[in-house]
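**Q**
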Amino acid sequence: MGNRLSKIYTRTGDDGSTGLADGNRIAKNAQRVEAMGMADELNCHLGLLIEQLNNEDDLAGILRRVQHHLFDLGGEFAIPGSRVINDEHIDWLESSLDQYNEALPPLKNFILPGGSPAAAQCHLARAVCRRTERVVVALGHEDSINTASRHYLNRLSDLLFVIARVLARRNGGEEILWEQH
422 MGNRLSKIYT RTGDDGSTGL ADGNRIAKNA QRVEAMGMAD ELNCHLGLLI EQLNNEDDLA
482 GILRRVQHHL FDLGGEFAIP GSRVINDEHI DWLESSLDQY NEALPPLKNF ILPGGSPAAA
542 QCHLARAVCR RTERVVVALG HEDSINTASR HYLNRLSDLL FVIARVLARR NGGEEILWEQ
602 H
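Numbering-wise, the sequence shown is residues 422 to 602 according to the working numbering.
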């Protein structure tokens with residue numbers, strides 16, 4: 422593969438438009454561009470979380486794989502009509518979710534984001550994932566999307582919730598339970 426980004430600035434977006442991977446240009450504030458940006462933002466939050474974990478940590482490996490999926494997801498949005506995320510991706514998320522949730526006690530109350538810096542970062546990624554999902558749902562109302570991508574984001578937010586719970590309990594830590602005031 423040759424150099425894909427040999428020149429960083431092109432000035433082609435100065436008019437408020439951006440190019441999609443299929444060659445079409447659309448407004449930078451289009452719902453499709455918002456979906457691409459949200460997938461990128463979520464990926465960045467996961468990168469911050471991974472940097473707080475030990476590289477040998479199984480969770481770091483899972484989250485790194487998710488980062489690759491999110492890059493693929495952004496590519497889907499950049500090429501209208503493309504399908505990269507599929508049921509195998511969703512099945513993998515569900516399997517990972519089940520594996521980590523099995524060891525956790527059932528929740529009897531809501532929990533607050535926190536418990537450790539890594540758990541708080543994971544909760545932030547979960548919230549950004551939910552926002553990404555909302556943007557993708559909105560995109561689906563105005564244009565055709567791969568519904569598996571929407572399902573993937575829904576499962577991913579569940580997985581991030583479970584991972585946040587795991588991280589909060591590590592090294593003798595505790596989850597912070599919500600108290601109604």
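Every residue, glycine too, gets a C-beta built ideally from N, C-alpha and C.
Measure the CB-CB distance between Ile416 and Leu480 and report whether it falls below 9 Å.
**A** What is shown of the chain runs 422 to 602, which leaves residue 416 out entirely.
**Q** Please classify Glu472: is it buried, with 16 or more other beta-carbons within 10 angstroms of its beta-carbon, or exposed?
**A** Answer is exposed; the Cβ neighbour count stays below 16.
**Q** Asn507 to Glu595, Cα distance in whole Å?
**A** So the two alpha carbons sit approximately 35 Å from each other.
**Q** Any idea if Gln520 is buried or exposed, counting beta-carbon neighbours within 10 angstroms, 16 or more meaning buried?
**A** When all chains shown are included, Gln520 counts as exposed.
**Q** To the nearest angstrom, how far is it from the Cα of Arg446 to the Cα of Asn575?
**A** Rounded to the nearest angstrom, the two C-alpha atoms are 29 Å apart.
**Q** So, at 7 Å on beta carbons, what are the nonlocal neighbours of Leu580 in its own chain, with the 5 sequence-adjacent residues on each side left out?
**A** Excluding positions up to five away in sequence, the list reads Leu514, Ser517, Leu518.
**Q** Are the beta-carbon atoms belonging to Leu467 and Leu491 less than 9 Å from one another?
**A** It is a contact, given that the beta carbons lie within the stated cut-off.
**Q** Could you check what DSSP says for Leu484 in three-state terms: helix, strand or coil?
**A** Of the three classes helix, strand and coil, the one that applies to Leu484 here is helix, per DSSP.
**Q** Find the nearest neighbour of His544 within the set Gly593, Glu600, Leu588, Ala499, judged by alpha-carbon distance.
**A** Closest by alpha carbon: Leu588.
**Q** Please classify Thr568: is it buried, with 16 or more other beta-carbons within 10 angstroms of its beta-carbon, or exposed?
**A** Burial call: exposed.
**Q** Give every residue of the same chain whose Cβ lies closer than 6 Å to the Cβ of Ala524, excluding the five residues on either side of it in the sequence, and list them in chain order.
**A** Hits under 6 Å: none found.
**Q** Please return the same chain residues whose Cβ sits closer than 7 Å to the Cβ of Asp610, not counting the five positions on each side in sequence.
**A** Given that the chain is displayed from residue 422 to residue 602, the structure contains no residue 610 and the question cannot be resolved.
**Q** Going by DSSP, what residue range makes up the alpha helix (DSSP H) through Leu560?
**A** It spans 538-563 - the alpha helix (DSSP H) in which Leu560 sits, taken as one unbroken run.
**Q** Just confirm the distance between the C-beta atoms of Pro530 and Trp599, as a whole number of angstroms; I'd bet it's less than 8 Å.
**A** Reading the sequence as shown, one finds Asn at residue 530 and not Pro. Between Trp599 and Asn530 the Cβ distance is about 6 Å, and since that is below 8 Å, they are a contact.
**Q** What separation, rounded to the nearest whole angstrom, lies between the Cα atoms of Ile483 and Arg547?
**A** Answer to the nearest angstrom: the Cα atoms are 15 Å apart.
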